[in-house]
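2 protein chains.
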Amino acid sequence: MNKTSKLHMTTDEFRKQGYKVIDWLVEYYENIEDYPVLSQVKPGEIRSNLPKDPPIKGRSYNDILSDMDIMMPGMTHWQSPNFHAFFPCASSGPAILADMIATGTGIVGMLWETSPSCTEVETHVLDWLVDMMGMPEKFKSSTNGGGVIQDTASSSTLISLIGAREYSSNGEFNSIATKSKLTSYVSSHSHSSIEKAVKVAGLGKNSLRVIEADEAFAMKPEKLKEQIEIDILDGYIPTFVCASVGTTNTTAMDPILEIGKICKKYDIWLHVDAAMAGAAALCPEFRYLQDGLEYASSYTFNPHKWMLTNFDCSVLFIDDRNKITSAMSVVPEYLKNKGSETGEVIDYMDWSIPLGRKFRGLKLWQVINYYGIEGLQKYIREDVDNTQKLKAWIERDDNFEIVAPVPLNLICFKHKKGSEFNRRLHEAINQTGKLYITRTKINDEYILRFSIGQTTGTINHIRKSWKLIQKIAEEID
Amino acid sequence: MNKTSKLHMTTDEFRKQGYKVIDWLVEYYENIEDYPVLSQVKPGEIRSNLPKDPPIKGRSYNDILSDMDIMMPGMTHWQSPNFHAFFPCASSGPAILADMIATGTGIVGMLWETSPSCTEVETHVLDWLVDMMGMPEKFKSSTNGGGVIQDTASSSTLISLIGAREYSSNGEFNSIATKSKLTSYVSSHSHSSIEKAVKVAGLGKNSLRVIEADEAFAMKPEKLKEQIEIDILDGYIPTFVCASVGTTNTTAMDPILEIGKICKKYDIWLHVDAAMAGAAALCPEFRYLQDGLEYASSYTFNPHKWMLTNFDCSVLFIDDRNKITSAMSVVPEYLKNKGSETGEVIDYMDWSIPLGRKFRGLKLWQVINYYGIEGLQKYIREDVDNTQKLKAWIERDDNFEIVAPVPLNLICFKHKKGSEFNRRLHEAINQTGKLYITRTKINDEYILRFSIGQTTGTINHIRKSWKLIQKIAEEID
Chain A
103 MNKTSKLHMT
113 TDEFRKQGYK
123 VIDWLVEYYE
133 NIEDYPVLSQ
143 VKPGEIRSNL
153 PKDPPIKGRS
163 YNDILSDMDI
173 MMPGMTHWQS
183 PNFHAFFPCA
193 SSGPAILADM
203 IATGTGIVGM
213 LWETSPSCTE
223 VETHVLDWLV
233 DMMGMPEKFK
243 SSTNGGGVIQ
253 DTASSSTLIS
263 LIGAREYSSN
273 GEFNSIATKS
283 KLTSYVSSHS
293 HSSIEKAVKV
303 AGLGKNSLRV
313 IEADEAFAMK
323 PEKLKEQIEI
333 DILDGYIPTF
343 VCASVGTTNT
353 TAMDPILEIG
363 KICKKYDIWL
373 HVDAAMAGAA
383 ALCPEFRYLQ
393 DGLEYASSYT
403 FNPHKWMLTN
413 FDCSVLFIDD
423 RNKITSAMSV
433 VPEYLKNKGS
443 ETGEVIDYMD
453 WSIPLGRKFR
463 GLKLWQVINY
473 YGIEGLQKYI
483 REDVDNTQKL
493 KAWIERDDNF
503 EIVAPVPLNL
513 ICFKHKKGSE
523 FNRRLHEAIN
533 QTGKLYITRT
543 KINDEYILRF
553 SIGQTTGTIN
563 HIRKSWKLIQ
573 KIAEEID
Chain B
103 MNKTSKLHMT
113 TDEFRKQGYK
123 VIDWLVEYYE
133 NIEDYPVLSQ
143 VKPGEIRSNL
153 PKDPPIKGRS
163 YNDILSDMDI
173 MMPGMTHWQS
183 PNFHAFFPCA
193 SSGPAILADM
203 IATGTGIVGM
213 LWETSPSCTE
223 VETHVLDWLV
233 DMMGMPEKFK
243 SSTNGGGVIQ
253 DTASSSTLIS
263 LIGAREYSSN
273 GEFNSIATKS
283 KLTSYVSSHS
293 HSSIEKAVKV
303 AGLGKNSLRV
313 IEADEAFAMK
323 PEKLKEQIEI
333 DILDGYIPTF
343 VCASVGTTNT
353 TAMDPILEIG
363 KICKKYDIWL
373 HVDAAMAGAA
383 ALCPEFRYLQ
393 DGLEYASSYT
403 FNPHKWMLTN
413 FDCSVLFIDD
423 RNKITSAMSV
433 VPEYLKNKGS
443 ETGEVIDYMD
453 WSIPLGRKFR
463 GLKLWQVINY
473 YGIEGLQKYI
483 REDVDNTQKL
493 KAWIERDDNF
503 EIVAPVPLNL
513 ICFKHKKGSE
523 FNRRLHEAIN
533 QTGKLYITRT
543 KINDEYILRF
553 SIGQTTGTIN
563 HIRKSWKLIQ
573 KIAEEID
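Quick mapping for you: the protein sequence lines, in order, are chains A and B.
To convert, count from 1 in the first sequence and add 102; that's this note's numbering.
To convert, count from 1 in the second sequence and add 102; that's this note's numbering.
As structure tokens, this is what we get:
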């Protein structure tokens, strides 16, 4: 953009339209509760309202902005205070503004030299997080380890698994000696991203061992040990254990300390996936949930979930950066430069699959500075308190039952009338558009999941939603 | 965000600060030529100016915005009209505004249901691109194929390779039958992302066959055929050929048609990587460069490079979506929903490594609508014209020599005084801060790369840069 252009948007027009987009967003947030939380359109409905062919001539930005009216019915409102599906994907003013700057300046930080601030701010805030969350020092950039921002926990897990694969096979995964031999371990309640990572990394789905969970849906360490020993006897090479701090299903907490000791004994890469729940460690009183992190080779959590930093922002910490860079670094001539050659700088392109990288550290910078440690703690604690209040209300209703422990901000519950009733209840709830919850299956039963953590969610919103759930349950009975 | 909050940014404050950030961006673009294009800071310099510890109490947004003054010296200005490094990573007003909406609304489109507009607008604009660029119909969503947005071409290539790996091994890559048997093929001038993908996908670096290039740095099809036949005789399973439309080194054009016929004959997955140069196909006169695309199983190009759509936005087209979804789809209970179960909708989470996805289709929507087909064509044509003008100037200077064909918007050239002189010249050029160019190596010589395509770049900027290069060459002589 510049002052004058016949083809491109000028800076004057950008200012005018930029203000309009800001106004549009303000209006969106001020009226967000008027929209159905879960979009109610039919498949294909949005497309059928879009022009069949692209325009030959350009259109005015005013017109283009008004296209949002066509798209709005097809939006599911993740920032609504009544969004209780999946997990919070909480955003905030400073995060959005930081992203505007990152996107607006359009810098790319693949190498240190291509924007030193992009690399150094990222390193700095990730070192901050190690302290803010009481993580082991080995995850700091001043050691052999360090942190890196990825898009999602799926990518963080994949990169860890690739590191583990190369570690266990001495960089010769595809050789006769190790092929079909490397085994990975998850609990039966782990996230699907681990199975996906195993497929993507080429380990073969049969290499994944699913370890039994206890009645709180956490991995049984003795079963893990048992399976590892069987596998070793059978000639396999146990390679990768993924333990969850807060499973997606129920926020179950795998016992990291015990699992960690087993991994250490058998020299297995322990990856800890705390995608949503990790943010709780901002509060010292919840850090016990990840006791044993010192045994982990890698650890991931997503500030874009429960830390007010909008999507995408997953952070991956690693105890030895060489374990991943040696698996992924390829530096051709056209990427060589002075800084990298002297080894004085970090080139994050070697820590992730994409080569190009946005200035995502800026979001974390602005969020941490805007809220301060105390503000972030307040946000987490309020969500946990609100969750306990909802839990008490559900417990007081004889028609409902809570089906899993509630350590943080997710409640899994069911109506006592059985799976088919819960399925109908679930659909009826989401069809109201007043709130959006998702489901899971536990012991073969249809279970409702109520997730808490929306930036603007208050106990009043939650109370209203709960009353509505009770009312619908009566109506469809 | 909402009207009142003690903890979070209110909508009133967001409006105020949002306007300020817009003003900040306008000022940034209006003064962008005052900054050194390539950041001149030393390693660690930016970090040393950041506070050691995170703040306990939150800070005002005014203060936080002024932190940009600390970071600015560490920014390399990718949107400067004098940025001629790597490749254009061209942004535009409508792209930035669209991203503000995508980021601001904070929706996540992993499943169709989690925002139908996110999925359907993406599908719609990618179908548009098939027509706009004269691609084969098989890449449209109305067939078995279709397009999907990825972050970068590295990811697009990785996903194609994984699809190919599973296709060639019948979903049993990690079995004895295919162990160490799958081979991939690239030209000696291909992008490093293919080697990286081969490592990540676990095929082993020895499985990559580097095919000789001709004097124009394009893959020699007869050498490809030769190598494939040798490999088959030796018991290997040729799996994946990556052909480039515009290599990163020199924009060399691999002969897709001839390569495609070979791939067809031996049933090998042909992936065409047109990351930067693909956008040229917006103009009918350049489509001959990708003749033979009907033989490709997958095709990728990055609108975030030469199509005015800011980072990140790489598009991947595939002729049979099942080839990639079968390699990557894992659907656990908590992601099940009505739309997906009936098969009526696309869930893009199965087309990419991350589960979560931003509303990136909106950027393409706004860019295509703002410029129209004619506007985009005008932009491409002007860059190609400007490149030819620079080429003529370089040719007229007896001290310099052009070392590779110039089909589009990249010039590889050298001073005739040899590699050491070019190395010094290169460093001196970038140290001026007046322009930024990168290097490569061809026939073991140090070569300068001058890339054209900046949104605000004009022939005057290029002329000035060229004169400066001539002047520096004289000075350091």
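By construction, the Cβ of each residue, glycine as well, lies at the ideal position given by its N, Cα and C atoms.
Does any residue of chain A have a CB that is nearer than 8 Å to the CB of residue i?
{"i": "VAL584(B)", "result": "Past the edges of chain B, shown from 103 to 579, lies residue 584(B), and the structure says nothing about it."}
{"i": "ASP253(B)", "result": "yes"}
{"i": "ASP356(B)", "result": "no"}
{"i": "GLY474(B)", "result": "yes"}
{"i": "ILE420(B)", "result": "no"}
{"i": "SER282(B)", "result": "yes"}
{"i": "PRO218(B)", "result": "yes"}
{"i": "GLY535(B)", "result": "no"}
{"i": "ASP201(B)", "result": "yes"}
{"i": "GLN490(B)", "result": "no"}
With a cut-off of 8 Å on the beta carbons, I'd call residue i and residue j a contact; round off their distance for me.
{"i": "ILE203(A)", "j": "LEU464(A)", "result": "6 Å"}
{"i": "GLN252(A)", "j": "LEU418(A)", "result": "5 Å"}
{"i": "MET430(A)", "j": "LYS301(B)", "result": "6 Å"}
{"i": "SER428(A)", "j": "TRP214(A)", "result": "Wrong, their Cβ atoms sit about 19 Å apart, outside the cutoff."}
{"i": "CYS582(A)", "j": "PHE461(A)", "result": "The question about residue 582(A) has no answer, for chain A in this structure spans 103 to 579."}
{"i": "ILE544(B)", "j": "ALA506(B)", "result": "7 Å"}
With a threshold of 8 Å between beta-carbons, can residue i be considered close to chain B, or not?
{"i": "ASP125(A)", "result": "yes"}
{"i": "PHE403(A)", "result": "no"}
{"i": "THR557(A)", "result": "yes"}
{"i": "TYR121(A)", "result": "yes"}
{"i": "TYR287(A)", "result": "no"}
{"i": "LEU305(A)", "result": "yes"}
{"i": "LYS480(A)", "result": "yes"}
{"i": "ILE313(A)", "result": "no"}
Can you give me the start and stop residues for the alpha helix (DSSP H) that residue i sits inside?
{"i": "ALA494(A)", "result": "463 to 498"}
{"i": "PRO196(A)", "result": "195 to 207"}
{"i": "PHE319(A)", "result": "Element bounds for PHE319(A): n/a, residue is neither H nor E."}
{"i": "LEU116(A)", "result": "It should be pointed out that residue 116(A) corresponds to Phe in this sequence rather than to Leu. Segment 113 to 132, the alpha helix (DSSP H) holding PHE116(A)."}
Give the residues of chain B in contact with residue i, contact being defined as C-beta atoms less than 7 Å apart.
{"i": "CYS191(A)", "result": "GLY208 and VAL210"}
{"i": "ASN69(A)", "result": "Look at the range of chain A in this structure, 103 to 579, and you will see that residue 69(A) is not part of it."}
{"i": "SER194(A)", "result": "HIS110 and MET111"}
{"i": "GLY247(A)", "result": "Ordered by position in chain B, no residue passes the 7 Å Cβ test against GLY247(A), which lies about 17 Å from the chain."}
{"i": "GLN468(A)", "result": "ILE166"}
Going by the CB atoms, is the gap between residue j and residue i shorter than 8 Å?
{"i": "LEU537(B)", "j": "LEU570(B)", "result": "yes"}
{"i": "PRO183(A)", "j": "GLY559(A)", "result": "yes"}
{"i": "VAL227(A)", "j": "ILE470(A)", "result": "yes"}
{"i": "ALA379(B)", "j": "ILE358(B)", "result": "no"}
{"i": "GLY306(A)", "j": "SER286(A)", "result": "no"}
{"i": "CYS514(A)", "j": "ARG565(A)", "result": "no"}
{"i": "ALA383(B)", "j": "GLN392(B)", "result": "yes"}
{"i": "ALA315(B)", "j": "HIS291(B)", "result": "yes"}
{"i": "PRO509(A)", "j": "THR353(A)", "result": "yes"}
{"i": "GLU224(B)", "j": "PRO145(A)", "result": "no"}
{"i": "CYS365(A)", "j": "TYR390(A)", "result": "no"}
Which chain A residues sit within Cβ distance under 7 Å of residue i?
{"i": "VAL302(B)", "result": "ILE264, MET430 and ILE455"}
{"i": "HIS226(B)", "result": "ARG149 and LEU152"}
{"i": "ILE198(B)", "result": "THR205 and GLY206"}
{"i": "LEU550(B)", "result": "Going along chain A, no residue has its Cβ under 7 Å from LEU550(B), so there is no contact; the nearest lies around 11 Å."}
{"i": "VAL232(B)", "result": "None at all; the shortest Cβ gap to chain A is about 11 Å."}
Run through chain B and tell me which residues come within less than 8 Å of residue i, C-beta to C-beta.
{"i": "ARG117(A)", "result": "ILE124, ASP125 and VAL128"}
{"i": "MET321(A)", "result": "Here the premise fails: no neighbours, minimum Cβ distance about 16 Å."}
Along chain A, in chain order, which residues have C-beta atoms closer than 8 Å to that of residue i?
{"i": "GLY441(B)", "result": "PRO145"}
Assuming residue i is part of the beta strand (DSSP E), what are its boundary residues?
{"i": "THR542(B)", "result": "538 to 544"}
{"i": "ILE339(A)", "result": "339 to 346"}
Considering only heavy atoms of the ligand PLP, does any lie closer than 7 Å to the CB of residue i?
{"i": "PHE502(A)", "result": "You won't find the ligand PLP in this model; it holds no ligand whatsoever."}
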